[in-house]
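Protein chains in written order, with numbering that gives the first Met the number 0: chain V, 0 to 345; chain S, 0 to 202. Notes follow once the structure below has been shown.
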Amino acid sequence: MLLKILSPFVFGFLEQTRDFILPFDEPTAWLIAAVMVLLIIGSFIGKLLERSSEERFNSAIVRSFNQRIRSWWLMCAILIAGLVIGKTGTVVLFGLIAFWALREFITMTPTRRGDHRALFWVLVVFTPLQFVLVGIHDDHQLFKVILPLLAALFVPTRIALANDEKRYLERSAKILIGILICVYALSFAPALLYLDIKTFVDGSEELWNDNNNKEKGLLFFFVLITQLNDVLQFGWGKLIGRNVIADRINTSRTLEGVIGAAASSALLGALFSWVTPFAFWQAAVIAVVISICGFAGGITMSAIKRDRGVKDFGTLIQGHAGILDRIDSLCFAAPVFYFVIEIFFT
Amino acid sequence: MQLTSKLLVAAAKVISGYTVRWKDSTPDTCQRIYFANHTSHLDGLVLWAGLPNHVRQLTRPVAAKDYWEKGWLRRHVASAFNALLIDRREVKVHQSPVDLMIREMDDKYSLIIFPEGSRNTKEEMNKFKSGLYYLAKKRPDLELVPVYLDNMNRILPRGEVLPVPLLSNITIGAPIWLEHGESKQQFLSRAREAIIKLRDDEE
Numbered sequence: 000m001l002l003k004i005l006s007p008f009v010f011g012f013l014e015q016t017r018d019f020i021l022p023f024d025e026p027t028a029w030l031i032a033a034v035m036v037l038l039i040i041g042s043f044i045g046k047l048l049e050r051s052s053e054e055r056f057n058s059a060i061v062r063s064f065n066q067r068i069r070s071w072w073l074m075c076a077i078l079i080a081g082l083v084i085g086k087t088g089t090v091v092l093f094g095l096i097a098f099w100a101l102r103e104f105i106t107m108t109p110t111r112r113g114d115h116r117a118l119f120w121v122l123v124v125f126t127p128l129q130f131v132l133v134g135i136h137d138d139h140q141l142f143k144v145i146l147p148l149l150a151a152l153f154v155p156t157r158i159a160l161a162n163d164e165k166r167y168l169e170r171s172a173k174i175l176i177g178i179l180i181c182v183y184a185l186s187f188a189p190a191l192l193y194l195d196i197k198t199f200v201d202g203s204e205e206l207w208n209d210n211n212n213k214e215k216g217l218l219f220f221f222v223l224i225t226q227l228n229d230v231l232q233f234g235w236g237k238l239i240g241r242n243v244i245a246d247r248i249n250t251s252r253t254l255e256g257v258i259g260a261a262a263s264s265a266l267l268g269a270l271f272s273w274v275t276p277f278a279f280w281q282a283a284v285i286a287v288v289i290s291i292c293g294f295a296g297g298i299t300m301s302a303i304k305r306d307r308g309v310k311d312f313g314t315l316i317q318g319h320a321g322i323l324d325r326i327d328s329l330c331f332a333a334p335v336f337y338f339v340i341e342i343f344f345t
Numbered sequence: 000m001q002l003t004s005k006l007l008v009a010a011a012k013v014i015s016g017y018t019v020r021w022k023d024s025t026p027d028t029c030q031r032i033y034f035a036n037h038t039s040h041l042d043g044l045v046l047w048a049g050l051p052n053h054v055r056q057l058t059r060p061v062a063a064k065d066y067w068e069k070g071w072l073r074r075h076v077a078s079a080f081n082a083l084l085i086d087r088r089e090v091k092v093h094q095s096p097v098d099l100m101i102r103e104m105d106d107k108y109s110l111i112i113f114p115e116g117s118r119n120t121k122e123e124m125n126k127f128k129s130g131l132y133y134l135a136k137k138r139p140d141l142e143l144v145p146v147y148l149d150n151m152n153r154i155l156p157r158g159e160v161l162p163v164p165l166l167s168n169i170t171i172g173a174p175i176w177l178e179h180g181e182s183k184q185q186f187l188s189r190a191r192e193a194i195i196k197l198r199d200d201e202e
């Protein structure tokens with residue numbers, strides 16, 4: 000009897016320990032190692048550039064290069080730490096990131112006194128709730144529907160109850176956009192870990208992530224492609240950019256940058272396809288989709304920042320790089336990536 | 000008590016996500032009066048928490064007795080940040096708030112005060128009460144340091160109990176002193192301008 004009660008705990012414990020000792024499957028470990036090596040090389044180059052003469056390189060670009068490398072180190076360390084702790088750790092981690100991003104977003108957008116209680120619900124109750132739902136991953140998959148409904152129905156009601164009609168629609172919309180982009184969309188990234196992914200080998204279906212750890216590699220792949228795509232877009236735009244897409248929103252986003260980044264992301268996707276359930280060509284197509292979503296995220300956030308008259312979220316609060324600046328592309332690509340996999344690979 | 004005060008600092012950081020900016024001044028344990036704009040109950044706590052540890056231990060926020068002596072929790076919190084409680088209702092002779100402050104400061108402590116008197120709900124700061132002037136007059140050696148607290152009114156506005164954890168800024172400016180022959184009105188409006196300037200520079 001006692002054994003019967005204890006056995007799930009014992010098995011659970013053993014499973015946890017195995018996860019801890021072997022947090023990644025082999026291909027993922029290799030990919031992470033490769034990224035580490037690249038980051039070490041990047042840091043090294045950054046140091047060299049810092050020391051070399053000022054005339055040869057633009058010091059502002061060198062500084063922003065070094066800044067980016069540093070924030071990648073941080074991102075990489077956080078992501079790996081989360082993945083090592085396990086699925087729950089990763090969900091909590093993304094929850095904290097979403098909370099901070101929404102905090103930046105709301106801080107930047109002016110709200111009125113009457114929004115206070117609605118904002119309390121949104122930041123303190125709904126944001127954690129969404130990630131709890133992702134972690135529970137119940138049969139109804141509530142995390143896919145609850146938050147947009149709360150944002151669309153509860154928030155306007157709460158603001159109306161505060162008895163302040165000034166710019167009512169605008170205020171509701173701001174909070175709604177904040178929740179949907181920073182919290183709802185981003186929550187699809189850790190939700191990837193809970194998908195049962197199937198691959199088709201010789202006409203028969205096979206469960207791809209049967210050993211519990213492969214999906215961590217998939218999440219790492221996704222974050223890696225979005226981040227590299229950001230840089231590729233910037234790089235290609237600087238190199239061959241001619242046609243600015245929306246000059247009143249952002250002058251550094253060019254058609255050439257987007258196309259160049261999509262093409263090189265496709266190559267990278269195919270190159271890293273061994274950590275994913277995708278074939279070469281599938282990985283390439285999916286990387287292009289991620290690339291375009293990343294562009295959408297970047298240009299949307301640029302528009303919001305331009306509207307508010309801030310250059311980036313980092314300068315809003317001095318001393319820390321704005322999280323929202325780093326994850327805008329991630330937010331937009333996560334739900335699309337999730338649904339592509341759910342529709343075609345489960 | 001040490002534990003409570005550490006917890007308070009952590010809580011202040013989590014709730015208000017403050018960033019501290021020292022502008023034309025540096026942290027120092029010399030005796031100072033930090034004077035700031037006042038929009039929220041959190042103001043005193045956040046400014047106190049934003050100071051470096053060694054400065055914080057020698058700095059006492061001045062707070063209203065009627066609010067902070069209500070209930071066990073508030074009393075405990077007030078003593079954890081070593082608040083100097085002032086009775087706003089009953090001002091006695093020889094026991095005026097300024098005298099009390101000077102006595103409690105001794106030659107050791109710095110104070111945090113809010114010269115607007117009570118929490119402001121309007122865009123512009125209220126006129127300053129005269130306490131700052133008398134402090135400056137009686138203790139000309141004190142550095143009077145202007146501080147601008149940004150966004151606190153959105154985190155915990157007047158009349159609300161639950162805070163919304165947004166991000167805030169603490170800007171600490173260059174000290175001022177009472178000039179020779181300066182009138183009370185001149186000095187108080189100059190002190191107010193010092194905070195307004197910090198706000199405008201930020202934008």
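Using N, Cα and C, we set each Cβ at its ideal position, and we do this for glycine too.
Practice task
Look up V:K197 in the DSSP assignment and give the residues it is bridged to.
Solution key: Position 198 of the first sequence, counted from the start, is the residue given in the question as residue 197 of chain V. When DSSP reads this structure, V:K197 sits in a beta bridge with V:L206.
Problem - Interface positions of the region 141-153 of chain S facing chain V (Cβ-Cβ less than 9 Å), listed along the chain - result: Cβ contacts with chain V come from N150, N152, R153.
Exercise for the section: With a 10 Å radius around its C-beta and 16 neighbouring C-beta atoms as the bar for buried, classify S:C29 as buried or exposed. Expected result: Within the second sequence, residue 29 of chain S is the residue found at index 30, counting from 1. Within 10 angstroms of the beta-carbon of S:C29 lie fewer than 16 other beta-carbons, which makes it exposed.
Handout entry: Cα-Cα separation, V:S290 to V:S264
Key = As a working mapping, residue 290 of chain V is identified with position 291 in the first sequence. As a working mapping, residue 264 of chain V is identified with position 265 in the first sequence. Answer to the nearest angstrom: the Cα atoms are 7 Å apart.
Exercise for the section: Using a Cβ-Cβ cut-off of less than 7 Å, list which residues of the region 103-120 of chain V approach chain S; keep chain order. Expected result: Answer set for the region 103-120 of chain V: E103, I105, T106, T110, R112, H115, L118, F119.
Handout entry: Strand pairing of S:R219, partner residues [DSSP]
Key = Residue 219 of chain S lies beyond the residue range present for chain S, which begins at 0 and ends at 202; the question has no answer from this structure.
Exercise for the section: Using 10 angstroms around the beta-carbon of S:Y66, count the other beta-carbons present and answer buried if the total reaches 16, otherwise exposed. Expected result: Taking the first residue of the second sequence as 1, we reach residue 66 of chain S at position 67. Looking at its Cβ environment, which holds fewer than 16 other Cβ atoms inside 10 Å, S:Y66 is exposed.
Problem - Bridge partner(s) assigned by DSSP for S:Y147 - result: If you number the second sequence from 1, residue 147 of chain S lands on position 148. Answer is S:T170, bridged to S:Y147.
Practice task
Go ahead and pull the three-state DSSP assignment for V:Q129.
Solution key: Counted from its first residue, the first sequence places residue 129 of chain V at position 130. V:Q129 falls in the helix class under three-state DSSP.
Exercise for the section: Identify every residue that forms a DSSP beta bridge with S:E60. Expected result: As a first step, residue 60 of chain S must be located in the second sequence, where it is residue number 61. Reading off the sequence shown, one finds Pro at residue 60 of chain S, where the question assumed Glu. Per DSSP, S:I111.
Practice task
Please classify S:N81: does DSSP put it in a helix, a strand, or coil?
Solution key: By 1-based counting over the second sequence, the position of residue 81 of chain S is 82. If DSSP states are grouped into helix, strand and coil, S:N81 belongs with coil.
Exercise for the section: With a 10 Å radius around its C-beta and 16 neighbouring C-beta atoms as the bar for buried, classify V:T200 as buried or exposed. Expected result: Counted from its first residue, the first sequence places residue 200 of chain V at position 201. For the record, residue 200 of chain V in the displayed sequence is Val; it is not Thr. V:V200 is exposed by the Cβ-count criterion.
Practice task
Check whether the region 125-145 of chain V touches the region 157-169 of chain V, counting contact only when three or more Cβ pairs, one atom from each stretch, lie closer than 8 Å.
Solution key: The region 125-145 of chain V is not in contact with the region 157-169 of chain V.
Problem - Below-7 Å beta-carbon distance, V:Q317 vs any chain S residue - result: The residue you call residue 317 of chain V lines up with position 318 of the first sequence. Below a pLDDT of 50, predicted positions are generally treated as unreliable, and V:Q317, at 46, falls in that range; the measurement from the model is reported next regardless. It does; some Cβ of chain S falls within 7 Å.
Exercise for the section: Helix, strand or coil for V:A283, going by three-state DSSP, please let me know. Expected result: Here residue 283 of chain V refers to the residue found at position 284 of the first sequence. Looking at V:A283 - three-state DSSP - the assignment turns out to be helix.
Problem - V:Q232 classed as buried or exposed, judged by whether at least 16 other C-beta atoms fall within 10 angstroms - result: The residue you call residue 232 of chain V lines up with position 233 of the first sequence. It counts as buried.
Problem - Per DSSP, the bridge partner or partners of S:R31 - result: Within the second sequence, residue 31 of chain S is the residue found at index 32, counting from 1. In DSSP, S:R31 forms a bridge with S:E142.
Exercise for the section: Name, in chain order, the residues that DSSP records as bridge partners for V:N249. Expected result: Taking the first sequence and counting its residues from 1, the one referred to as residue 249 of chain V is at position 250. Looking at the DSSP assignment, V:N249 forms a beta bridge with V:A245.
Exercise for the section: Give a yes or no on whether 7 Å exceeds the smallest Cβ distance from V:L323 to chain S. Expected result: Against the first sequence, residue 323 of chain V aligns to sequence position 324. So no, V:L323 is outside the interface.
Problem - Proximal residues to S:L99 (C-beta, below 8 Å), its chain only, five neighbours per side dropped - result: Locating residue 99 of chain S in the second sequence gives position 100, counting from the first residue. Within the same chain, and ignoring the five residues on either side of S:L99 in sequence, the residues whose Cβ sits closer than 8 Å to its Cβ are L83, I85.
Problem - Beta-carbon neighbours of V:L122, restricted to chain S and to distances below 7 Å - result: Along the first sequence, one-based indexing puts residue 122 of chain V at 123. When 7 Å is used as the limit between beta carbons, V:L122 is near these residues of chain S: V163, P164, in chain order.
Practice task
Taking only beta-carbon positions, decide if S:E227 is within less than 7 Å of chain V.
Solution key: Past the edges of chain S, shown from 0 to 202, lies residue 227 of chain S, and the structure says nothing about it.
Practice task
Report the partner residues of S:I175 according to the DSSP bridge assignment.
Solution key: Against the second sequence, residue 175 of chain S aligns to sequence position 176. S:L143, per the DSSP bridge assignment.
Problem - Collapsed DSSP secondary structure at V:L315 in the structure displayed - result: Taking the first residue of the first sequence as 1, we reach residue 315 of chain V at position 316. Residue placement at V:L315 is poorly supported in this model, since its pLDDT is 49, which falls under 50; the coordinates still yield a value, given next. Collapsing the DSSP output to three states places V:L315 in a helix.
Problem - Closest residue to S:H179 among S:S129, S:P139, S:L148, S:Y147 (Cα-Cα distance) - result: Numbered from 1 along the second sequence, position 180 holds the residue referred to as residue 179 of chain S. With distances taken between Cα atoms, S:H179 lies closest to S:P139.
Practice task
Go ahead and pull the three-state DSSP assignment for S:R198.
Solution key: Your numbering for residue 198 of chain S matches position 199 in the second sequence. S:R198 falls in the helix class under three-state DSSP.
Practice task
Anything in chain V within Cβ reach of S:G16, meaning under 7 Å, just list it in chain order.
Solution key: Translated into positions along the second sequence, residue 16 of chain S becomes position 17. The answer, in chain order, is R102.
Handout entry: Cβ-Cβ separation, V:F221 to V:A188 (assumed contact under 8 Å), whole Å
Key = As a working mapping, residue 188 of chain V is identified with position 189 in the first sequence. As a working mapping, residue 221 of chain V is identified with position 222 in the first sequence. Beta-carbon to beta-carbon, V:A188 and V:F221 are separated by about 7 Å, close enough to satisfy the 8 Å threshold.
Practice task
Return the Cβ separation of V:W99 and V:I322 in integer angstroms, given the expectation that the two are a contact with Cβ distance under 8 Å.
Solution key: Counting from 1 along the first sequence, the entry for residue 99 of chain V is found at position 100. Counting from 1 along the first sequence, the entry for residue 322 of chain V is found at position 323. Rounded, the Cβ-Cβ distance is 5 Å, consistent with contact.
Practice task
Would you check if the distance between the CB atom of V:A97 and the CB atom of V:L179 is smaller than 7 Å?
Solution key: Your numbering for residue 97 of chain V matches position 98 in the first sequence. Your numbering for residue 179 of chain V matches position 180 in the first sequence. Taking 7 Å as the Cβ cut-off, V:A97 and V:L179 do not qualify as a contacting pair.
Handout entry: Whole-angstrom distance between V:V124 and S:I112, CA atom to CA atom
Key = For the purposes of this step, residue 112 of chain S is taken as residue 113 along the second sequence, with counting starting at 1. For the purposes of this step, residue 124 of chain V is taken as residue 125 along the first sequence, with counting starting at 1. Using only the alpha carbons, I get a separation of about 34 Å.
Practice task
For S:P156, go through chain V and note every residue whose CB falls closer than 7 Å to its CB, in chain order.
Solution key: By 1-based counting over the second sequence, the position of residue 156 of chain S is 157. Chain-order list of chain V residues neighbouring S:P156: R112, H115, by C-beta distance under 7 Å.
Handout entry: For S:V163, the nearest candidate out of S:S129, S:G70, S:M151, S:Q56 (CA to CA)
Key = Taking the first residue of the second sequence as position 1, residue 163 of chain S is located at position 164. The residue with the shortest Cα to Cα distance from S:V163 is S:M151.
Exercise for the section: Count the other CB atoms, across all protein chains shown, that sit within 10 Å of the CB of V:F344; report buried if there are 16 or more and exposed otherwise. Expected result: Mapped onto the first sequence, residue 344 of chain V falls at position 345. Taking all protein chains shown into account, V:F344 has 16 or more neighbouring C-beta atoms within 10 Å of its C-beta and is therefore buried.
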